[in-house]
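In our numbering, the protein residues as written are 45 to 350.
Working notes for the structure below.
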């Protein structure tokens with residue numbers, strides 16, 4: 045049960061995205077002439093990871109699934125005659141999630157004070173950290189409940205891709221925000237496309253459980269169209285940046301290597317809309333590959349090629 049609470053709070057994909065987004069911001073700072081402090085990078089990454097795990101566990105306190113409580117009730121045979129006080133057993137898992145969150149909050153405070161003491165947490169970095177904290181609170185606690193709203197995917201995109209990258213850039217003392225946006229915004233669109241493919245696979249289950257998701261709100265047909273739009277816009281933005289900005293094609297062109305996987309996603313969505321059988325493994329593979337290959341190629345270009 046303890047492992048399930050932690051696993052539900054934050055997934056491996058989210059951990060990886062936070063680390064990659066922090067690496068992206070640090071790489072852009074290094075490209076702009078600032079020496080990359082990998083100790084600061086590690087502290088900043090652990091700071092955000094501990095925050096998201098802690099707030100995810102707090103979210104478990106508010107949103108623990110009823111079916112988990114029912115299974116626990118059956119396991120402990122609480123449906124039988126109870127003695128006075130035994131009802132408290134049912135509530136223990138919820139309060140246990142708060143206890144599990146305490147070590148991660150402690151780690152967050154320790155890393156925060158360490159960064160403040162080393163004077164690496166500039167006013168700009170502190171501002172974006174406060175925005176990340178606010179978004180984490182809105183995502184996991186009432187009354188906003190972004191984690192259970194149709195806007196959760198957009199909030200997750202900012203919390204996992206855009207804001208951590210800017211935070212890492214400012215943490216390293218970088219100022220090349222324009223270059224960061226050239227890379228981060230297309231990656232944000234690819235992330236949103238990935239979330240739509242994940243929601244599409246659970247579409248019937250979400251409808252049955254009456255979960256509030258973006259795909260349920262707009263319908264699967266519009267969702268698939270929006271997915272294709274996100275993928276195409278991501279690569280179109282890179283092309284436009286190469287044509288109309290001062291950034292060199294040598295810097296942007298390697299990212300277009302991920303384009304065939306993006307087009308594979310679009311082709312699969314069009315085929316599904318036309319009634320073709322769904323190959324979920326291939327769809328998951330192409331969606332994840334497009335996003336993570338985009339991150340890899342960007343980081344490789346900034347850290348190795350240049």
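C-beta: ideal position from N, C-alpha, C; glycine also.
Alpha carbons only, please: which of the options is nearest the one belonging to residue i?
{"i": "residue 186", "options": "225, 152, 105", "result": "105"}
{"i": "residue 313", "options": "278, 303, 73, 272", "result": "272"}
{"i": "residue 269", "options": "247, 325, 240", "result": "240"}
{"i": "residue 199", "options": "86, 178, 300", "result": "178"}
{"i": "residue 279", "options": "251, 195, 337, 182", "result": "337"}
{"i": "residue 222", "options": "73, 275, 102, 196", "result": "73"}
{"i": "residue 266", "options": "217, 296, 237, 212", "result": "237"}
{"i": "residue 231", "options": "246, 201, 180", "result": "201"}
{"i": "residue 150", "options": "77, 96, 190", "result": "96"}
{"i": "residue 66", "options": "208, 184, 181", "result": "208"}
{"i": "residue 344", "options": "75, 248, 303, 213", "result": "75"}
{"i": "residue 346", "options": "249, 59, 70", "result": "70"}
What are the boundary residues of the alpha helix (DSSP H) that residue i is part of?
{"i": "residue 197", "result": "196–201"}
{"i": "residue 168", "result": "167–184"}
{"i": "residue 221", "result": "221–245"}
{"i": "residue 328", "result": "324–344"}
{"i": "residue 58", "result": "56–75"}
{"i": "residue 211", "result": "207–215"}
{"i": "residue 317", "result": "303–317"}
{"i": "residue 300", "result": "Counting along the chain, residue 300 falls outside any alpha helix (DSSP H), and DSSP gives it neither H nor E."}
{"i": "residue 275", "result": "264–288"}
Taking Cβ positions, are residue i and residue j nearer each other than 8 Å?
{"i": "residue 205", "j": "residue 224", "result": "no"}
{"i": "residue 341", "j": "residue 298", "result": "yes"}
{"i": "residue 93", "j": "residue 62", "result": "yes"}
{"i": "residue 274", "j": "residue 339", "result": "no"}
{"i": "residue 101", "j": "residue 155", "result": "no"}
{"i": "residue 164", "j": "residue 215", "result": "yes"}
{"i": "residue 78", "j": "residue 306", "result": "no"}
Q) Would you call the stretch 252–268 and the stretch 324–334 touching, i.e. three or more CB-CB distances under 8 Å? A) no
Q | Validate contact between the stretch 225–236 and the stretch 78–86 using beta carbons, cut 8 Å, 3 pairs | A | Short answer: they don't touch.
Q) With contact counted as at least three CB pairs below 8 Å, one residue from each stretch, are the stretch 319–328 and the stretch 284–291 in contact? A) no
Q | Touching by the beta-carbon criterion (3+ pairs, under 8 Å), the stretch 139–148 and the stretch 159–175 | A | Using a C-beta cut-off of 8 Å, the stretch 139–148 makes no contact with the stretch 159–175, since fewer than three inter-stretch Cβ pairs fall below that distance.
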